[in-house]
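See below for the structure under consideration.
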Amino acid sequence: MSNRINIMVVSGTIERLQMAAMVASVGAVSGNDVAVFLSMNALPFFRKGADRPAPAEGEMGKLLVAKKAPPFKQLFENAVELGDAKIYPCSMAMDIFGYQHGDLEPYLGEPLGLTKFLSDAGAGQVWSF
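Residues in the sequence shown are numbered consecutively from 244, following my numbering.
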């Protein structure tokens, strides 16, 4: 039996982006229904061609880079491709940044508002990073 896992990602630090990506990818490949909502400081990292590294909050972030952990964007993409996760950019954040849907990585779904995301979350788990 699968569960619904809803992940809100608003941080732009490597530790939080990495953990959110790990929850999404492991959850999705384990057969769970996974929905990810990208907003605030997380969204710019999913713009096509974004190559700026996410800053580290602490020692773990530095170690993730030094030990060459799988990049968070790769883990999110794997969640979509291997587990059928859905990743939605926040429509409000897109408006604020001036992004169009075509500006974002191709594995992201159509923009979604927070109200719709929370409504769709239903009784499932909601994680925030």
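For each residue, glycine too, the CB sits at the ideal point set by N, CA and C.
Could I get the ranges of all uninterrupted beta strand (DSSP E) runs contained in the segment 326 to 363, with 3 residues as the minimum, in chain order?
Taking only runs of at least 3 residues, the beta strand (DSSP E) segments lying wholly in the segment 326 to 363 are 329 to 332.
Quick check on DSSP: helix, strand or coil for Phe-315?
Sequence index remark: in the sequence shown, residue 315 carries index 72 (1-based). Correct three-state label for Phe-315: helix.
Among Arg-247, Val-277, Arg-259 and Leu-307, which has the Cα closest to the Cα of Ile-330?
In the sequence shown, counting from the first residue as 1, residue 330 sits at position 87. Ranking Arg-247, Val-277, Arg-259 and Leu-307 by Cα distance to Ile-330 puts Val-277 first.
Since Met-251 is in the alpha helix (DSSP H), which residue starts that stretch and which ends it?
Taking the first residue of the sequence shown as position 1, residue 251 is located at position 8. From DSSP, Met-251 is part of no alpha helix (DSSP H) but of the beta strand (DSSP E) over 247 to 252.
7 Å Cβ cutoff met for Phe-229 and Ala-264
Nothing in the structure corresponds to residue 229, since the chain is present only between 244 and 372.
Residue burial classification, Arg-295 (beta-carbon count within 10 angstroms, cutoff 16):
Reading the sequence shown from its first residue, position 52 is the one you call residue 295. By the 10 Å Cβ count, Arg-295 comes out exposed.
Looking only at DSSP bridge pairs, what is Ser-268 linked to?
Indexing the sequence shown from 1 puts residue 268 at position 25. DSSP lists no partner for Ser-268.
Expressed to the nearest angstrom, what Euclidean distance is found between the alpha-carbon atoms of Leu-307 and Gly-301?
Working through the sequence shown from its first residue, we reach residue 307 at position 64. Working through the sequence shown from its first residue, we reach residue 301 at position 58. Distance between the alpha carbons of Leu-307 and Gly-301: 10 Å.
Backbone CA spacing between Ser-334 and Gly-274 [nearest angstrom]
Reading the sequence shown from its first residue, position 91 is the one you call residue 334. Reading the sequence shown from its first residue, position 31 is the one you call residue 274. If you take the alpha carbons of Ser-334 and Gly-274, they lie about 27 Å apart.
In or out: Ile-257 buried (at least 16 other Cβ within 10 Å) or exposed?
Taking the first residue of the sequence shown as 1, we reach residue 257 at position 14. Its Cβ being crowded by 16 or more others within 10 Å, Ile-257 is buried.
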